[in-house]
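Visitor: Letter by letter, the sequence shown follows residues 379 to 493 in this note's numbering. Can you read through this structure? Questions will come right after.
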Amino acid sequence: MENKIYTMKFSRIYPLLIQKAEKKNRTKQEVDRIIFWLTGYDEDGLAQQIQKNVDYRTFFDNAPCINPNYKMIKGTICGIRVENIEDPVIRLARCLDKLIDELAKGKAMEKILRE
């Protein structure tokens, strides 16, 4: 059976990511920067994916260039170690969650983006 993460609409997740960041005085621009870093989308590409109402699988499958440094993202999200997730789509979704968590916790952007 396919994981429900695959079929979740990115257009529904995106505002939740922004909301999580803004509750901790971070910005939509910072959320977008994280998404751009992870996926290679630019502003227009991200807007198109949201407008097309794609699911998470399609969002990551269509990503112009997954940042190879995503493999440096470690730690737990929802009680699961992200570095141990084998399914690439689920791992990327959890990595995005982890990066937004780090943003909401006040980490500097350079650390979040593993620079």
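Where a beta carbon is used, it is the ideal one built from N, C-alpha and C, also for glycine.
Could you check the C-alpha separation between I383 and R469 for me, to the nearest Å?
Guide: 10 Å
Visitor: Enumerated in chain order, which unbroken segments of the alpha helix (DSSP H) with a length of 4 residues or greater are wholly contained in the segment 417-450?
Guide: 421-429, 434-439
Visitor: Is E408 near M487, with beta carbons less than 8 Å apart?
Guide: yes
Visitor: Per the DSSP calculation, R459 is bridged to which residue(s)?
Guide: As a beta-bridge residue in DSSP terms, R459 pairs with T454.
Visitor: Is it the case that the segment 439-451 contacts the segment 415-426, given that we only count it when at least three CB pairs across the two stretches are under 8 Å?
Guide: Yes, the segment 415-426 touches the segment 439-451.
Visitor: Does the beta-carbon of R459 have 16 or more other beta-carbons within 10 angstroms, so that it is buried, or is it exposed?
Guide: Within a 10 Å sphere around the beta-carbon of R459 sit fewer than 16 other beta-carbons, which makes this residue exposed.
Visitor: If the criterion is Cβ atoms closer than 8 Å, does the pair I428 and Y392 meet it?
Guide: yes
Visitor: Can you list, in chain order, the residues of its chain whose CB lies under 7 Å from that of G423, leaving out five sequence neighbours each side?
Guide: P442
Visitor: Can you say whether R492 is buried or exposed, counting buried as having 16 or more other CB atoms within 10 angstroms of its CB?
Guide: exposed
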